[in-house]
Amino acid sequence: MATVAITSSIGPTLANDAISVLRQQMAEAVARGDPHLVTVLATIISSLARGETEKDGPNPRLREWQALALDAAAAARAIAPAAAAELARAAAAVRHMIMLAVRNPASQLASRPTSRRVLQAIQQLGGVLCAQTRVRELSDQTPTHFSNTLKILRAAGLVVSESDRADGRERRLSLTSEGRTALAAHGGERPDLPPPQRLHVGARDRAHLDNGLRPASRRDGGYRNSLRTEAVLQEAGT
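For the sequence shown, my numbering gives the first residue as 379, with consecutive numbering after it.
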């Protein structure tokens, strides 16, 4: 059967032709009015299209997979509505990945606080084969935010992911050489905060800060942001 041939042969030898083969098979299934075959092909296309969004490194064929899923959804709508809906969701997932990549250029990722925290977390855990759950915890992000950030970093070629051989539910993350280079270039910076200024801290203000109180004066303006207090005191020589 045609679908069996497709599912068994999709791989390295068919990687470049998968989209055209699946497009042809879907057109033939729709022409024959076979809802079962359309549904099977829809599942295959949806699965492969979503899988493309999980690959490491830049993927120049994402738009082709999006187009395939959209065209297949339109063709299947009258014969297998549920299958068409599945294809539409897959196309939306691919489009989401495309937009993430467009809005987050690889050259800027290491300088952005959110993505840099993930890179730093992997580095702090050893840089190689780090448990994904520990990386998320250390980067202090919500599961959804972390998932999007990780997709961006993987698509940019800064991080690679692989299954944990001991625990199939876990993923292991590693920095690539590009990821280490990017992190080294930005690792000591805090672009979300301006560099600390050298300010004079008087005895009265120092006493208030030591007691956890608001400074007695605000003439320096350096205490208005609580995130700046430690840097200001360090620069003042405390």
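Even glycine gets a Cβ: it sits at the ideal position worked out from N, Cα and C. Quantities reported herein were computed from a predicted structural model and do not represent experimental measurements.
Handout entry: Selection from Ile422, Arg550, Ala562 and Pro436 that minimises the alpha carbon distance to Pro483
Key = Position 105 of the sequence shown holds residue 483. Cα-wise, what sits closest to Pro483 is Pro436.
Problem - Ala396 classed as buried or exposed, judged by whether at least 16 other C-beta atoms fall within 10 angstroms - result: Numbered from 1 along the sequence shown, position 18 holds the residue referred to as residue 396. Buried.
Exercise for the section: Go ahead and label Ala451 buried or exposed: buried means 16 or more other beta carbons lie within 10 angstroms of its beta carbon, across all protein chains shown. Expected result: Locating residue 451 in the sequence shown gives position 73, counting from the first residue. Classification of Ala451: buried, given that the 10 Å Cβ count is 16 or more.
Exercise for the section: Determine the direct distance from the alpha carbon of Gly429 to that of Val472, and round the result to whole angstroms. Expected result: Walking along the sequence shown from the start, residue 472 turns up at place 94. Walking along the sequence shown from the start, residue 429 turns up at place 51. The alpha-carbon atoms of Val472 and Gly429 are separated by roughly 9 Å.
Handout entry: Boundaries of the beta strand (DSSP E) in which Val506 is found, first to last residue
Key = Along the sequence shown, read from residue 1 onward, the residue named residue 506 stands at position 128. Element bounds for Val506: n/a, residue is neither H nor E.
Handout entry: Other residues of its chain near Ala479: CB distance less than 6 Å, five sequence neighbours each side excluded
Key = Against the sequence shown, residue 479 aligns to sequence position 101. So the qualifying residues of the chain are Ala533.
Exercise for the section: Could you tell me which residues DSSP puts in a beta bridge with Val408? Expected result: Position 30 of the sequence shown, counted from the start, is the residue given in the question as residue 408. Looking at the DSSP assignment, Val408 forms no beta bridge with any residue, so it has no partner.
Practice task
Compare the beta carbon distance of Arg439 and Ile476 with 8 Å and say whether it is the shorter of the two.
Solution key: Here residue 439 corresponds to residue number 61 of the sequence shown, with the count starting at 1. Here residue 476 corresponds to residue number 98 of the sequence shown, with the count starting at 1. No, the Cβ-Cβ distance between Arg439 and Ile476 is not below 8 Å.
Handout entry: Ala469 versus Gln444 - alpha carbon distance
Key = Translated into the one-based positions of the sequence shown, residue 469 becomes position 91. Translated into the one-based positions of the sequence shown, residue 444 becomes position 66. So the alpha carbons of these two residues sit roughly 5 Å apart.
Handout entry: Cβ-based neighbour list, Val506, same chain, cut-off 6 Å, excluding 5 preceding and 5 following
Key = Position 128 of the sequence shown, counted from the first residue, corresponds to residue 506. Here the set comprises Ser552.
Problem - Host beta strand (DSSP E) of Glu548 (start-end) - result: Translated into the one-based positions of the sequence shown, residue 548 becomes position 170. Per DSSP, Glu548 belongs to no beta strand (DSSP E) and is neither H nor E.
Exercise for the section: Could you tell me whether the stretch 485-501 touches the stretch 446-465, where touching means 3 or more Cβ pairs closer than 8 Å? Expected result: no
Handout entry: Extent of the continuous beta strand (DSSP E) to which Ser539 belongs
Key = By one-based count along the sequence shown, residue 539 stands at place 161. Per DSSP, Ser539 belongs to the beta strand (DSSP E) from Val537 to Ser541.
Problem - Spatial neighbours of Pro413 in its chain, beta-carbon cut-off 6 Å, leaving aside the 5 residues before and after - result: Reading the sequence shown from its first residue, position 35 is the one you call residue 413. Cβ within range, chain order: Ile457 and Ala458.
Practice task
Tell me where the alpha helix (DSSP H) around Gly435 begins and ends.
Solution key: Translated into positions along the sequence shown, residue 435 becomes position 57. It is not in any alpha helix (DSSP H) - Gly435 carries neither H nor E in the DSSP assignment.
Problem - For Arg455, the three-state DSSP class (helix, strand or coil) - result: For the purposes of this step, residue 455 is taken as residue 77 along the sequence shown, with counting starting at 1. Three-state result, Arg455: coil.
Practice task
Within the same chain, show all residues whose beta-carbon is closer than 7 Å to that of Thr417, passing over the 5 residues directly before and after it, in chain order.
Solution key: Here residue 417 refers to the residue found at position 39 when the sequence shown is read from its first residue. Contacts found: Ala458 and Ala461.
Practice task
Report all residues from its chain with a CB closer than 6 Å to the CB of Glu540; omit the five preceding and five following residues, and keep chain order.
Solution key: Translated into positions along the sequence shown, residue 540 becomes position 162. Arg550, listed in sequence order.
Problem - Rounded straight-line distance, which links the Cα of Leu531 to that of Leu487 - result: Numbered from 1 along the sequence shown, position 109 holds the residue referred to as residue 487. Numbered from 1 along the sequence shown, position 153 holds the residue referred to as residue 531. If I take the Cα positions, the gap works out to 8 Å.
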